[in-house]
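*Asks:* Just passing along the structure, written as structure tokens.
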Ligand code: ADP
Ligand code: MG
């Protein structure tokens, strides 16, 4: 029996837009707000993590891929030391004096851009005053890292205005600096995967990241007859912050019980697990160790073009996150279960959990059915309508438009 799906059941797409068009519109907005054109427009991408969840703070591995969805920053240098920032995603602009700025006084979204500029200056680079106007196609809070996209785009814009060349070494410095801005000034724990993907990704590749050493390696992504579908569940359960902290604390306790600094590698998983009598710690460790092994296995599957094996690893990862690490939720489980019923190769939650997005590896021929089935399943359960992206691997943060400089 073939099923036909009504078009209105297919759900919404999160459109990345065209960089040139978005940039031209942002230039026009900047001119309207400031009466002069910007000196340049810089963009940094969001990302999706293919494998390696809750491994970063355990010194493990992860495998993000940059998306064509980016945050754009139009910038112009000022003659004074004021930093003004407008975001088309937020109500109200802010304006601060870079002299005498106390980063502890920053609140809300302003702490991301101002935190980056403040840390650039604190690291010894003299920052001029600047006007910034921001627009973004990275959905906020969907687990696709709108925060790192914002930090990294602002970092490139500010470096250009300060006439600091951004070579490969400087990109590495900017990763650390943006991570520090989010940890120390915004005050949210971040492992560094997002900023690394935003600043180092290459088009057509996923990025294997060793979170302990910062070493990265490109992994060419090519599945000609399969799609990587991202499903933004639009769910964000309020538990997430406290639970994230709990998981980190449990991992630290388990590492201490095993006499390890970090749950990076189990020389022998069986031996390690036998030594942990606490059921919760046992399951947390089983997730972290097995997830790290799955990152290596996923890299081999991607390089070998083995879509079935990669799909199997996705599903195994989801089961581990759901049952052993306990960070999934009803919406994420529903995406995975529905996609598997519809014949996807595999599916998993991605990001920290308790909401955000899931990823599905699916044959192109089954893509529309999976989308329709997920949309209907969400409607039946009374969940908010999900949004979809067919992911392609984009490149790192860069200048999109150079105007008057
Ligand atoms: P995500 O998973 O999307 O990174 P976070 O909670 O880490 O979610 O970051 C989201 C926060 O980043 C927003 O609440 C806002 O403060 C800030 N942010 C992200 N994008 C923008 C934007 N375009 N303009 C202003 N602030 C933004
Ligand atoms: Mg974030």
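Residue numbers (the numbering used here): 627 to 1031.
Think of the CB as a built atom: it goes at the ideal place given N, C-alpha and C, for glycine as much as any other residue.
Fair warning: this is a prediction, and the values are worked out from it, not measured in the lab.
Sorted by chain position, which residues of the same chain lie with C-beta nearer than 7 Å to residue 652's C-beta, five sequence neighbours on each side aside?
*Replies:* Indexing the chain shown from 1 puts residue 652 at position 26. Excluding residues up to 5 positions away in sequence, 667, 698, 700, 759 and 761 lie with their Cβ nearer than 7 Å to the Cβ of residue 652 in the same chain.
*Asks:* Check residue 690 in the structure and name its three-state DSSP category.
*Replies:* Counting from 1 along the chain shown, the entry for residue 690 is found at position 64. Strand at residue 690.
*Asks:* So, are the CB atoms of residue 804 and residue 781 less than 7 Å apart?
*Replies:* In the chain shown, the residue the question calls residue 804 occupies position 178. In the chain shown, the residue the question calls residue 781 occupies position 155. Yes, these two residues count as a Cβ contact at 7 Å.
*Asks:* Name the DSSP beta bridge partners of residue 1014, please?
*Replies:* For the purposes of this step, residue 1014 is taken as residue 388 along the chain shown, with counting starting at 1. Partner(s): 639 and 857.
*Asks:* Quick one: is residue 920 buried, meaning 16 or more other Cβ sit within 10 Å of its Cβ, or exposed?
*Replies:* On the chain shown, position 294 is the one that residue 920 refers to. Within 10 angstroms of the beta-carbon of residue 920 lie 16 or more other beta-carbons, which makes it buried.
*Asks:* Using DSSP with H/G/I as helix, E/B as strand and the rest coil, what is residue 907?
*Replies:* Within the chain shown, the letter at position 281 stands for residue 907. Helix.
*Asks:* Helix, strand or coil: which one does DSSP assign to residue 645?
*Replies:* Looking up residue 645 in the chain shown gives position 19. DSSP places residue 645 in helix when its eight states are reduced to three.
*Asks:* Report the start-end ranges of each beta strand (DSSP E) in the stretch 717-777 that is 3 residues or longer and not cut off at the edges.
*Replies:* 720-723 and 756-762
*Asks:* Which same chain residues end up closer than 7 Å to residue 732 when comparing Cβ atoms and leaving out the 5 residues on each side of it in sequence?
*Replies:* Here residue 732 refers to the residue found at position 106 when the chain shown is read from its first residue. Taking residue 732 as the centre and dropping the five residues before and after it, the same chain places the C-beta of 740, 741 and 811 closer than 7 Å to its C-beta, in chain order.
*Asks:* Just to confirm the assignment, what range does the beta strand (DSSP E) spanning residue 836 have?
*Replies:* What you label residue 836 is simply residue 210 of the chain shown in a count that begins at 1. Unbroken beta strand (DSSP E) run through residue 836: 831-836.
*Asks:* I'd like the list of long-range same chain contacts for residue 752, defined as Cβ closer than 8 Å, with 5 residues on each side in sequence excluded.
*Replies:* Sequence index remark: in the chain shown, residue 752 carries index 126 (1-based). Correct list, in chain order: 788.
*Asks:* Once you ignore the five residues that flank residue 976 on each side, which residues in its own chain have a CB closer than 8 Å to its CB?
*Replies:* Against the chain shown, residue 976 aligns to sequence position 350. Excluding sequence neighbours, residue 976 sits near 674, 675, 676, 679, 769, 856, 982, 983, 984 and 985.
*Asks:* Using a Cβ-Cβ cutoff of less than 7 Å, which residues in the same chain neighbour residue 879 once the five nearest sequence positions on both sides are dropped?
*Replies:* Residue mapping note: residue 879 aligns to position 253 of the chain shown, counting from 1. Excluding residues up to 5 positions away in sequence, 907 lie with their Cβ nearer than 7 Å to the Cβ of residue 879 in the same chain.
*Asks:* With a 10 Å radius around its C-beta and 16 neighbouring C-beta atoms as the bar for buried, classify residue 889 as buried or exposed.
*Replies:* Indexing the chain shown from 1 puts residue 889 at position 263. Label assigned to residue 889: buried.
*Asks:* Should residue 691 and residue 970 be called a contact, given that it needs their Cβ atoms to be closer than 7 Å?
*Replies:* Translated into the one-based positions of the chain shown, residue 691 becomes position 65. Translated into the one-based positions of the chain shown, residue 970 becomes position 344. For residue 691 and residue 970, no; Cβs fall outside 7 Å.
*Asks:* Return the chain-ordered list of same chain residues with a C-beta closer than 7 Å to the C-beta of residue 836, the five sequence neighbours on each side being excluded.
*Replies:* To locate residue 836, count along the chain shown from 1; it is residue 210. Counting only Cβ-Cβ distances below 7 Å, and skipping sequence neighbours, we find 687.
*Asks:* Which partner residues of residue 671 appear in the DSSP bridge assignment?
*Replies:* Residue mapping note: residue 671 aligns to position 45 of the chain shown, counting from 1. Answer by DSSP bridge pairing, in chain order: 696.
*Asks:* Within the same chain, show all residues whose beta-carbon is closer than 8 Å to that of residue 681, passing over the 5 residues directly before and after it, in chain order.
*Replies:* The sequence position of residue 681 within the chain shown is 55, counting from 1. Cβ neighbours of residue 681 beyond the five flanking positions: 687, 688, 837, 914, 917, 918 and 921.
*Asks:* With DSSP collapsed to three states, give me the class of residue 822.
*Replies:* Residue mapping note: residue 822 aligns to position 196 of the chain shown, counting from 1. Secondary structure at residue 822: helix, using DSSP grouped into helix, strand and coil.
*Asks:* Using a threshold of 7 Å, state whether the C-beta atoms of residue 861 and residue 957 are closer than that.
*Replies:* Indexing the chain shown from 1 puts residue 861 at position 235. Indexing the chain shown from 1 puts residue 957 at position 331. Their beta carbons are under 7 Å apart, which means residue 861 touches residue 957 by this criterion.
*Asks:* Flag this pair as yes or no: are the beta carbons of residue 848 and residue 993 separated by less than 7 Å?
*Replies:* Walking along the chain shown from the start, residue 848 turns up at place 222. Walking along the chain shown from the start, residue 993 turns up at place 367. Against a cut-off of 7 Å, the Cβ pair of residue 993 and residue 848 comes out as no contact.
*Asks:* Tell me the residue span of the alpha helix (DSSP H) that contains residue 964.
*Replies:* Residue 964 sits at position 338 when you count from the first residue of the chain shown. Here the alpha helix (DSSP H) through residue 964 covers 956-967.
*Asks:* Quick check: what's the CA-CA separation for residue 938 versus residue 944?
*Replies:* Position 312 of the chain shown, counted from the start, is the residue given in the question as residue 938. Position 318 of the chain shown, counted from the start, is the residue given in the question as residue 944. The alpha-carbon atoms of residue 938 and residue 944 are separated by roughly 10 Å.
*Asks:* Based on the DSSP output, what are the partners of residue 707 in its beta bridges?
*Replies:* Within the chain shown, numbered from 1, the residue matching residue 707 stands at position 81. Answer is none; residue 707 lacks a bridge partner.
*Asks:* Considering only C-alpha positions, which residue in the set 924, 947 and 929 is nearest to residue 936?
*Replies:* Locating residue 936 in the chain shown gives position 310, where the first residue counts as 1. Nearest C-alpha to residue 936: 924.
*Asks:* Return the CA-CA distance between residue 720 and residue 754, expressed in angstroms with no decimal places.
*Replies:* Locating residue 720 in the chain shown gives position 94, where the first residue counts as 1. Locating residue 754 in the chain shown gives position 128, where the first residue counts as 1. Going by the C-alpha atoms only, they are around 17 Å apart.
*Asks:* Expressed to the nearest angstrom, what Euclidean distance is found between the alpha-carbon atoms of residue 947 and residue 987?
*Replies:* Within the chain shown, residue 947 is the residue found at index 321, counting from 1. Within the chain shown, residue 987 is the residue found at index 361, counting from 1. Straight-line Cα distance between these residues: approximately 18 Å.
*Asks:* Going by other Cβ atoms of all chains shown within 10 Å of its Cβ, with 16 needed for buried, is residue 695 buried or exposed?
*Replies:* Walking along the chain shown from the start, residue 695 turns up at place 69. Buried.
*Asks:* Considering just the uninterrupted stretch of the alpha helix (DSSP H) at residue 1002, what are its terminal residues?
*Replies:* Start at 1 with the first residue of the chain shown, and residue 1002 comes out as number 376. Taken as a continuous stretch (DSSP letters only), the alpha helix (DSSP H) holding residue 1002 covers 993-1007.
*Asks:* Within 6 Å: the Cβ of residue 713 and any heavy atom of the ligand MG?
*Replies:* Mapped onto the chain shown, residue 713 falls at position 87. No.
*Asks:* Could you tell me whether any non-hydrogen atom of the ligand MG is closer than 6 Å to the CB of residue 749?
*Replies:* Numbered from 1 along the chain shown, position 123 holds the residue referred to as residue 749. No - the ligand MG has no heavy atom lying nearer than 6 Å to the Cβ of residue 749.
*Asks:* Within 7 Å of any Cβ in chain D, is that where the Cβ of residue 704 sits?
*Replies:* Of the protein chains in this structure there is only one, and it is not chain D.
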